[in-house]
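Novice:
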Amino acid sequence: MTDTLAYLRGHRLWLIRDFVVWGQMSAHEFSFLITTLDQSNKRIMFLSVPLGGDLQKVNFSDLTDFRGNNLPENLSNPKVIPLPKTDVGTVVVGREDAGSFSMAKTSQSDANGICDLLVMEVG
Numbered sequence: 152m153t154d155t156l157a158y159l160r161g162h163r164l165w166l167i168r169d170f171v172v173w174g175q176m177s178a179h180e181f182s183f184l185i186t187t188l189d190q191s192n193k194r195i196m197f198l199s200v201p202l203g204g205d206l207q208k209v210n211f212s213d214l215t216d217f218r219g220n221n222l223p224e225n226l227s228n229p230k231v232i233p234l235p236k237t238d239v240g241t242v243v244v245g246r247e248d249a250g251s252f253s254m255a256k257t258s259q260s261d262a263n264g265i266c267d268l269l270v271m272e273v274g
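Under my numbering, the first residue of the sequence shown carries the number 152, and numbering increases by one thereafter.
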């Protein structure tokens, strides 16, 4: 077996068809600069807080691929790629962790976004 074929076969890959995305991106992201004074310490902290959105949190164990197989509860270094099927755009928000990821629509449309999800373990 060639090295390339062994590499491709060593990573798990799933396709989830017709996934409905209802989450909304945050309407605004506010930045804050906070200073604190303790007895001997002085701190300056920078915070960025998204307000106005409702992200859709998805657990890998809740997904079923197009063959009817349930995804495992935890994946090693997962990557999720949305493949849009409608005009309503969809994105993965933030980074995927071992057990879940967050999704949202890119527009403020009332319609849900529909996409296929390509889920893969990359290491």
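Glycine residues also receive a C-beta, built at the ideal position from the N, C-alpha and C atoms.
Check this for me: beta carbons of G204 and S182, under 9 Å apart or not?
Specialist: In this structure, S182 does not lie closer than 9 Å to G204 by Cβ.
Novice: At a cut of 8 Å, does the stretch 231 to 239 reach the stretch 260 to 268 through at least three beta carbon pairs?
Specialist: Segments in contact, yes.
Novice: In angstroms, rounded to a whole number, what distance separates the CA positions of P223 and G250?
Specialist: For P223 and G250, the distance between alpha carbons rounds to 9 Å.
Novice: Which complete beta strand (DSSP E) runs does the stretch 164 to 208 hold, if anything under 3 residues is left out?
Specialist: Listed in chain order, the complete beta strand (DSSP E) runs (minimum 3 residues) inside the stretch 164 to 208 are 164 to 172, 179 to 188, 193 to 202.
Novice: Start and end of the beta strand (DSSP E) containing L132?
Specialist: Any question about residue 132 goes unanswered here, given that the chain covers just 152 to 274.
Novice: What number of angstroms, rounded off, separates the C-alpha of D213 from the C-alpha of I185?
Specialist: Their Cα atoms are separated by approximately 39 Å.
Novice: Taking the beta strand (DSSP E) that L241 falls in, what are its first and last residues?
Specialist: Here residue 241 is Thr; the residue named in the question, Leu, does not match the sequence. Segment 241 to 244, the beta strand (DSSP E) holding T241.
Novice: Give the DSSP-derived three-state secondary structure of S212 in the structure shown.
Specialist: S212 falls in the helix class under three-state DSSP.
Novice: Whose C-alpha, out of P229, S253, S191, M196, is nearest the C-alpha of H162?
Specialist: When each option's Cα is compared against that of H162, the closest is P229.
Novice: Once the 5 residues before and after N210 are set aside, which same chain residues still bring their CB inside 7 Å of it?
Specialist: Once the five neighbours on either side are set aside, the close Cβ partners of N210 are G250, S251.
Novice: Which partner residues of N230 appear in the DSSP bridge assignment?
Specialist: The question names Asn, but residue 230 is Lys in the sequence shown. Answer by DSSP bridge pairing, in chain order: M271.
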